[in-house]
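In the order they appear, the protein sequences are chains A and B.
First residue of the first sequence? That's 83 in the working numbering, and the numbers climb one at a time after it.
First residue of the second sequence? That's 83 in the working numbering, and the numbers climb one at a time after it.
2 protein chains.
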Amino acid sequence: MDIERTIPYKIYLTEDELPKAWYNVRADMKSKIAPMRDPKTGKPVTADDLKPVFCEGLIEQEMNDTDRYIEIPREILDFYKMYRPSPLVRAYCLEEKLQTPAKIYYKFEGNNTSGSHKLNSAVAQAYYAKKQGLKGVTTETGAGQWGTALSMACSYFGLDCKVFMVKVSYEQKPFRREVMRTFGATVTPSPSETTEIGKAILKAHPGTTGSLGCAISEAVEAAVTQPGYRYVLGSVLNQVLLHQSVIGLEVKTAMEKYDITPDIIIGCAGGGSSLGGLIAPFVGEKLRGERDYRIIAVEPASCPSFTRGVFAYDYCDTGKVCPLAKMYTLGSNFIPSPNHAGGLRYHGMSPILSQLYHDGYMEAQSVEQTKVFEASELFARAEGILPAPESGHAISVAIDEALKCKETGESKTILFCLTGTGYFDLVAYEKFHNGEMNDYIPTDEDLKAGFAELPKVFE
Amino acid sequence: MDIERTIPYKIYLTEDELPKAWYNVRADMKSKIAPMRDPKTGKPVTADDLKPVFCEGLIEQEMNDTDRYIEIPREILDFYKMYRPSPLVRAYCLEEKLQTPAKIYYKFEGNNTSGSHKLNSAVAQAYYAKKQGLKGVTTETGAGQWGTALSMACSYFGLDCKVFMVKVSYEQKPFRREVMRTFGATVTPSPSETTEIGKAILKAHPGTTGSLGCAISEAVEAAVTQPGYRYVLGSVLNQVLLHQSVIGLEVKTAMEKYDITPDIIIGCAGGGSSLGGLIAPFVGEKLRGERDYRIIAVEPASCPSFTRGVFAYDYCDTGKVCPLAKMYTLGSNFIPSPNHAGGLRYHGMSPILSQLYHDGYMEAQSVEQTKVFEASELFARAEGILPAPESGHAISVAIDEALKCKETGESKTILFCLTGTGYFDLVAYEKFHNGEMNDYIPTDEDLKAGFAELPKVFE
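Structure (structure tokens):
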């Protein structure tokens with residue numbers, strides 16, 4: 083197939099074309115998302131309730147469901163200019179390899195040292211912490227992308243950064259830890275003896291390799307018990323999706339320059355931050371009835387919150403100290419099978435995306451991990467970029483859709499987000515190359531155990 | 083210092099502005115480089131002599147010292163478009179951190195999955211192998227950047243790729259190996275039992291951890307003894323510097339768009355490929371007497387071929403099977419101390435750069451590795467990019483020069499090449515963070531041993 087390559091391989095924007103404001107999709111949502119609730123009393127939380135935990139500027143954003151656009155402060159724009167705009171790439175080589183008439187585009191968010199899109203929100207959160215005059219922030223990290231991003235942002239603004247890293251990742255990914263240390267962060271394996279909740283979890287489950295939910299509880303405790311510290315989180319929250327809207331806004335500007343309209347928009351979904359960011363301006367048009375797009379969330383078959391979870395109030399962390407959120411969830415005790423590689427392992431899903439999914443504005447699919455690595459390897463060989471396993475989920479479904487086009491002869495325009503690079507996932511790639519990778523799909527029994535823990539009162 | 087940021091943080095070129103031809107600096111050199119010689123007879127080698135080892139199109143380029151420009155084939159341009167142009171970055175944040183009036187620019191070549199500039203030549207070499215109808219290519223790799231780049235290029239053109247990886251790196255950098263496997267390459271630790279020279283070296287030095295010179299010998303043997311294979315090399319050769327000129331040509335176009343002229347051009351030097359590429363069009367102007375630039379090569383104090391080597395004919399490999407080249411060298415048996423981290427460990431230096439240095443067109447400095455890592459960490463925290471230790475050498479001297487400007491108040495324009503990322507060098511960063519990194523500078527005695535092995539006849 084010798085297609086004429088009139089669209090550039092990579093579409094970049096100039097600094098002038100960078101978004102000056104984030105887009106707040108909630109302003110256009112007809113069904114507003116349910117309020118966060120206190121885990122003890124069940125009452126909706128107020129901004130004041132959140133102040134001991136979160137930074138002030140961020141609480142405002144977390145609560146804001148009316149302003150469609152929120153200006154990006156100049157300091158954040160300056161930081162964005164160091165690594166943004168990220169390229170929107172036309173996957174000519176993948177199209178050729180698949181011999182598909184589909185036009186495939188991907189937004190590549192891995193072209194920065196944190197290796198993923200997480201930096202978009204990390205810099206915003208560090209900025210508001212600095213603006214409030216804080217000494218530092220605490221957080222959790224799983225695979226390490228978020229911790230790395232936050233340590234970079236904190237280093238830039240001169241903030242202290244304390245990262246609780248899920249123990250299994252801390253041990254299996256020592257390199258991530260060293261990147262964080264290069265940027266001056268303190269990294270503690272979780273659960274740890276440094277917090278009360280950590281001690282309690284270690285006592286109840288000696289030898290546990292940790293979980294995100296547990297690391298969140300420790301990070302929150304470390305924030306509220308130290309003067310001058312607040313807790314920040316890299317996904318799930320409304321504020322994070324707001325910051326990540328920079329992804330979709332850049333895509334939209336870039337596509338409009340070349341008169342391109344996507345038919346299908348695909349993103350991987352763990353907590354939902356990259357997907358929420360990618361689709362933001364597009365789903366906005368859909369919500370306002372201006373244009374229709376097919377939007378597909380892709381999640382691991384081993385952590386299927388959209389496709390097999392329930393839409394209900396749930397705890398956001400294992401220690402049950404954070405506010406409850408209404409979301410698609412597998413229950414706060416759900417932990418994916420140990421042979422699940424990469425991220426996308428959180429038990430819940432962004433409340434915004436949960437509501438959009440519930441209201442029929444998007445679809446969801448789950449993919450098994452060997453299929454994800456097959457797609458990732460095929461993509462790497464064609465496009466010369468080693469994808470993170472997370473991104474591999476979106477690639478897998480994008481390839482499926484491109485092959486459907488090959489059958490039908492349609493030349494649909496497919497857009498997906500290549501959220502990150504796989505440099506720190508080579509243990510998983512090695513397993514895949516050696517044929518040692520297994521797929522594990524939780525049974526209905528496994529899921530029942532998670533659902534049994536839901537706070538039933540607020541259903 | 084609140085400077086007005088009128089120049090963009092990153093200057094990109096459009097696809098139309100990409101170089102269409104490589105620049106061959108030898109066309110402008112008054113002292114031509116000495117011919118390669120046969121290691122046995124001492125006679126200058128002819129193109130025919132090289133045919134069993136090298137690809138035909140590349141031999142032509144290797145010998146060409148008259149054509150100033152050599153057109154880049156369309157297939158290579160297409161591949162370049164996947165990851166080029168690389169950004170030319172204005173290091174505003176580093177300038178601010180140093181509080182220097184100097185204007186610092188760096189060309190960032192690490193923004194591709196191979197993680198370095200090596201891909202620029204890998205794709206060219208793979209293309210000419212394919213054009214000749216070969217089945218595959220063999221090569222050696224040390225730290226793994228070149229092997230990764232070549233495996234990506236071979237995967238793109240459907241060529242078999244056999245990589246001999248220096249044993250110590252094979253064992254210490256399993257992740258590099260997995261990236262190469264992702265792109266379908268076969269990776270063998272060197273010395274190995276798969277070649278006669280490997281067997282001989284293992285017999286003579288049981289337990290050796292290998293060296294680049296030894297891996298080269300094995301790769302050459304594997305190429306000449308298998309039908310349909312040729313040997314390719316990622317540095318030192320004239321053809322490689324030719325391909326790498328794309329770096330400098332892009333810089334020049336980008337700078338001219340904004341009316342910028344560098345005063346000082348700095349690059350790290352191992353075999354010399356990135357430095358040769360960066361300076362190509364600038365040193366061309368210098369050779370033609372059109373403009374003057376200060377050019378500084380930076381090498382590790384533990385492998386100081388420019389600053390402490392001799393300019394003489396030497397063997398290019400330990401097995402003494404390759405043609406002799408006249409270059410700055412430490413002797414073909416020189417191996418840097420085991421605590422030397424990262425690349426830049428080859429005993430010799432590009433004959434082109436050697437001649438330019440000998441003729442006074444450039445300077446050279448050596449830096450100790452703890453200083454390199456200090457500079458790399460400072461750079462990472464300011465600019466948000468984790469540098470390869472190789473690149474850290476250039477960063478270190480760029481910072482020195484910027485600090486001199488701070489003293490004198492001059493606002494010189496400093497350009498350096500950030501050749502690659504440090505994702506695969508985190509063992510070294512960890513040593514640095516833990517205070518376990520040592521500097522080892524070879525004694526005069528150490529060097530004498532290397533010089534004693536020089537082929538004296540051709541001095």
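Just so it is clear, CB atoms sit at the ideal spot from N, CA and C, and this is done for glycine as well.
Just so it is clear, the structure is predicted and the values come from calculations on it, not from any experiment.
Tell whether a beta-carbon distance below 7 Å holds between Thr-291/A and Val-250/A. Less than 7 Å separates the beta-carbon of Thr-291/A from that of Val-250/A.
Have a look at Arg-259/A and Val-318/A and give me their C-alpha separation to the nearest angstrom. 23 Å
Starting from Val-449/B, trace the alpha helix (DSSP H) in both directions and tell me its first and last residue. For Val-449/B, no alpha helix (DSSP H) encloses it; the enclosing beta strand (DSSP E) starts and ends at 445-449.
Using a Cβ cut-off of 9 Å, pull out every chain B residue sitting near Cys-175/A, in sequence order please. Asp-160, Phe-161, Met-164, Tyr-238, listed in chain order.
Examine the Cβ distances between the segment 504-523 of chain A and the segment 101-109 of chain A and report whether three or more of them are shorter than 8 Å. no
Give the straight-line distance between the Cα atoms of Lys-513/B and Lys-530/B, rounded to the nearest whole angstrom. 30 Å
Contact check, Val-127/B vs Tyr-313/B, beta carbons under 7 Å: no
Contacts that Ala-462/B makes with chain A (C-beta to C-beta distance below 9 Å): Result: Thr-195, Met-234, Ser-237, Val-261, Thr-264, Phe-265.
Leaving out the 5 sequence neighbours to the left and right, which residues in its chain are closer than 6 Å to Val-261/B when beta-carbon positions are compared? Same-chain partners within the cutoff: Thr-230.
Does the segment 492-502 of chain B come within contact of the segment 466-479 of chain B, defined as at least 3 CB pairs closer than 8 Å? Under the three-pair Cβ rule at 8 Å, the segment 492-502 of chain B counts as touching the segment 466-479 of chain B.
Closest by CA to Val-248/B, which one among Lys-125/B, Ala-457/B, Leu-294/B? Leu-294/B
For Lys-538/A, count the other beta carbons within 10 Å of its own beta carbon; 16 or more makes it buried, fewer makes it exposed. Which is it? exposed
Output yes if chain B places a C-beta closer than 7 Å to the C-beta of Pro-101/A; else output no. No, Pro-101/A lies away from the interface with chain B (no Cβ there is under 7 Å from its Cβ).
Is DSSP giving Thr-268/B helix, strand or coil here? The three-state reading of DSSP puts Thr-268/B in strand, counting E and B together.
Step through the CB atoms of chain A and report whether any lies within less than 7 Å of the CB of His-515/B. yes
Do Ser-384/A and His-429/A have their C-beta atoms closer together than 7 Å? no
Leaving out the 5 sequence neighbours to the left and right, which residues in its chain are closer than 6 Å to Thr-268/B when beta-carbon positions are compared? Lys-244
My parser needs the beta strand (DSSP E) runs of 3 or more residues fully inside the segment 197-241 of chain B; what are they? 218-223
Contact between the segment 220-229 of chain B and the segment 333-347 of chain B is defined here as three or more beta-carbon pairs at a separation below 8 Å; is this criterion met? no
For Asp-396/B versus Ser-299/B, is the C-beta distance shorter than 7 Å? no
Under DSSP, the alpha helix (DSSP H) around Met-164/A begins and ends at which residues? 156-165
Beta carbon of Asp-345/A nearer than 7 Å to that of Thr-195/A: no
So what does DSSP say about Ala-407/A, is it helix, strand or coil? strand
What span of residues does the alpha helix (DSSP H) with Ile-496/B cover, start to end? For Ile-496/B, no alpha helix (DSSP H) encloses it; the enclosing beta strand (DSSP E) starts and ends at 495-500.
Taking one C-beta from the segment 280-288 of chain B and one from the segment 372-381 of chain B each time, how about it: are there three or more such pairs within less than 8 Å? no
Establish whether the CB of Pro-167/B and some CB of chain A are separated by less than 7 Å. no
Within this structure, are the beta carbons of Pro-433/A and Ile-115/A separated by less than 7 Å? yes
Any chance the segment 184-194 of chain A sits against the segment 207-215 of chain A, with 3 or more Cβ pairs inside 8 Å? no
Does DSSP put Tyr-505/A in a helix, in a strand, or in coil? Correct three-state label for Tyr-505/A: coil.
Between the segment 473-488 of chain A and the segment 447-454 of chain A, do three or more beta carbon pairs fall short of 8 Å? yes
Interface positions of the segment 495-510 of chain A facing chain B (Cβ-Cβ less than 7 Å), listed along the chain: Tyr-505, Leu-508
Contact criterion: CB-CB distance below 7 Å. Does Glu-278/A meet it with respect to chain B? no
I'd like to know whether the C-beta atoms of Ala-184/B and Ser-493/B end up nearer to each other than 7 Å. yes
Residues in its own chain within less than 6 Å of Thr-88/A by CB, not counting five upstream and five downstream? Annotation for Thr-88/A: no residue places its beta carbon closer than 6 Å to its own, counting only its chain and skipping 5 residues before and after.
Quick check: what's the CA-CA separation for Leu-315/A versus Lys-133/A? 15 Å
Once DSSP output is grouped into helix, strand and coil, what is the label at Ala-549/B? The question about residue 549/B has no answer, for chain B in this structure spans 83 to 541.
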